[in-house]
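Below: the structure, in structure tokens.
Right, dumping it as structure tokens:
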């Protein structure tokens, strides 16, 4: 823990800190400077409180409950764009959501055959992961996954109708942009007239050339990993280990070998952004590389389809210089489009925000990992302190917080916490610690545990992105298309009600959207009944609203601490420490109290609004 300050010292230091002049602009990420008070930061909060609901589109609307391992789209069913109707969107909107991230929209490698319906045929199973295929192995950047359409021939129109329907229900649309790699079978049949395909003009005799779209291994033929086994005991289309690729291309996760391993992204090939990886990573960015131009055109194409934002996959595997160039290029066409980056290196966050021009970055390695440790009993609240005071200091408003997504294990799974209620304190911190965006994954709000082995995905605590599947607890909420939670049990209804209360508060609270931050751990770490390793408390405040937020991560201990708000914090909020105040729990809808002796039940969270006593 941080060194405890004596109250008088803390007060004088805090007053000095809050008299510092504020930057004249909040649009840039400023370098942090030293504050006298270690319980807060100098960051000028920016209102970036997007509330994002991630949908695995292929699974969301699927009502079939057969769930045969490795099953086909006919056997196990598949959700369609049309399943995400007005009822579904209104139910999502009522949770306080502002944006829907539709995952898996673009056409990707798959073993399903749509040729008889006027769509593409199946890919070679040697280079497909799972029967449905990974939505991150793009087969055509300009086309839509045929699985998602009722009529394969009108799949693009059905997507456009979903965008309009989403907007009509007061929500905005985010889709994936996968810039680093494509499927080995990549070929665009839907590209605009006159557009050259990726690799069409490549000089395949060269391992690297600045304007090649791919990296090559001249004179070598791809050797697919023998242990790929995408369908278990069954065989997929052309599954014989003899997929032909000569010369072999570099694999998506920077593997420059003709024989990628089974744990590599062997179904994908890496795109060339002008970096010669095999010669000291020498860069060739002038003139602008051909891949940059092609990627810009793809982004502009979808921005002009009225998409509101892009979740960008593995952004650190693509040079910062590309993002610094392409994001302003796209914003020339659609100024309000947002770019969210999947990033995992805290040392590079500032670089990708300032130089790379991203609007938001994942806060996975910091807050997610820290909260996960707390939720599983192996961490403590110092992990949270480290996030705001070090890792994202100065730009916390730009960090996307979450507890689940398609890459991570379900909270309710035995591989994670095993109990969806552990999300109550953790999700409250995720949503309210800063004024940046927060996200939840479909099914999280009803405690979906991702039980069983779906097929290629295996029993790993995740909801599959590779297989056709019905998501059981989510299907109970979906209730045959009524989207009313009619089949949920009482515990699930209470859990979903918590998420709804939290996210609606998050989306409407002035203090959470715009407020400054003050941590109360130092003020309470010697207090009786305040378990500083399991309890976390802080203030969020603006001129209009003052909030005290408390989370108890303990799974089995009820605590009754008297919460101390030091004089320095009261003065920072513009409150008179000598006067009396009431505290109303606006998260749990509890009556006002004048006491700060709080009963903290296990796995609980509280958001008290502070007002002068009348």
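Numbering (this note's numbering), first residue to last: 2 to 615. Positions of the beta carbon are idealized from the N, C-alpha and C atoms, including for glycine.
Secondary structure within the stretch 472-555: the alpha helix (DSSP H) runs of 4 or more consecutive residues, fully enclosed, are 473-479, 491-509, 511-515, 522-525 (chain order). Annotated three-state conformation of residue 462 is coil, per DSSP.
Residue environment for residue 605: buried (at least 16 other C-beta atoms within 10 angstroms of its C-beta). The C-alpha of residue 181 is placed about 28 Å away from the C-alpha of residue 167. Pairing residue 295 with residue 340, the inter-Cα distance amounts to about 18 Å. Residue environment: residue 527 is assigned as exposed (fewer than 16 neighbouring CB atoms within 10 Å of its CB, all protein chains considered). Nearest Cα to residue 57 within the set 609, 475, 501, 557: 475. A direct Cα-to-Cα measurement between residue 37 and residue 569 gives close to 12 Å. By the neighbour-count criterion, in which 16 or more other beta carbons inside 10 Å mark a residue as buried, residue 282 falls on the exposed side. For residue 102, the pairing in a beta bridge is given by DSSP as 55, 175. Boundaries of the alpha helix (DSSP H) around residue 93: 87-94. The three-state reading of DSSP puts residue 108 in strand, counting E and B together.
An exposed status is given to residue 592, since fewer than 16 other beta-carbon atoms sit within 10 Å of its beta-carbon. Its chain contains 549, 584, 586 as the residues whose beta carbon lies nearer than 6 Å to that of residue 609, once the 5 sequence neighbours on both sides are disregarded; these appear in chain order. Between the stretch 388-403 and the stretch 347-356 there are three or more inter-stretch CB-CB distances shorter than 8 Å, so the stretches are counted as touching. Per the C-alpha coordinates, the member of 344, 84, 369 positioned closest to residue 357 is 344. Residue burial is scored here from C-beta neighbours: residue 245 has fewer than 16 other C-beta atoms within 10 angstroms and is therefore classed as exposed. By the CB criterion at 8 Å, residue 189 and residue 142 fall inside the cutoff. Using a Cβ distance threshold of 8 Å, residue 133 and residue 148 count as a contacting pair. Contact between the stretch 71-78 and the stretch 490-509 is absent: fewer than three C-beta pairs spanning the two stretches fall below 8 Å. Per DSSP, reduced to three states, the secondary structure at residue 402 is strand. Residue 468 counts as buried, since at least 16 other C-beta atoms from the protein chains shown sit within 10 angstroms of its C-beta.
Counting along the chain, residue 353 sits inside the alpha helix (DSSP H) bounded by residues 350-355. For the set 275, 235, 225, 280, the Cα lying nearest the Cα of residue 269 is the one of 225. Per DSSP, the continuous alpha helix (DSSP H) segment holding residue 431 begins and ends at 424-433. Straight through space, the alpha carbons of residue 422 and residue 503 are spaced by roughly 14 Å. Pairwise C-beta distances place the stretch 388-396 out of contact with the stretch 413-421, as fewer than three of them are shorter than 8 Å. In the three-state scheme derived from DSSP, where H, G and I count as helix and E and B as strand, residue 315 is classed as coil. Secondary structure within the stretch 212-260: not one fully enclosed beta strand (DSSP E) run of 3 or more consecutive residues is present.
Below 8 Å, too few C-beta pairs join the stretch 325-341 and the stretch 406-415 to call them touching: fewer than three. Under the 10 Å beta carbon count, residue 43 is surrounded by 16 or more other beta carbons and is classified as buried. In the same chain as residue 472, and ignoring 5 residues on each side of it, the C-beta atoms closer than 7 Å to its own belong to 60, 444, 449, 464, in chain order. Within a 10 Å sphere around the beta-carbon of residue 231 sit 16 or more other beta-carbons, which makes this residue buried. Beta-bridge analysis with DSSP links residue 118 to no other residue. Checking the DSSP bridge columns, you'll see residue 283 partnered with 277. About 12 Å separates the Cβ atoms of residue 184 and residue 144, ruling out a contact at the 8 Å cut-off.
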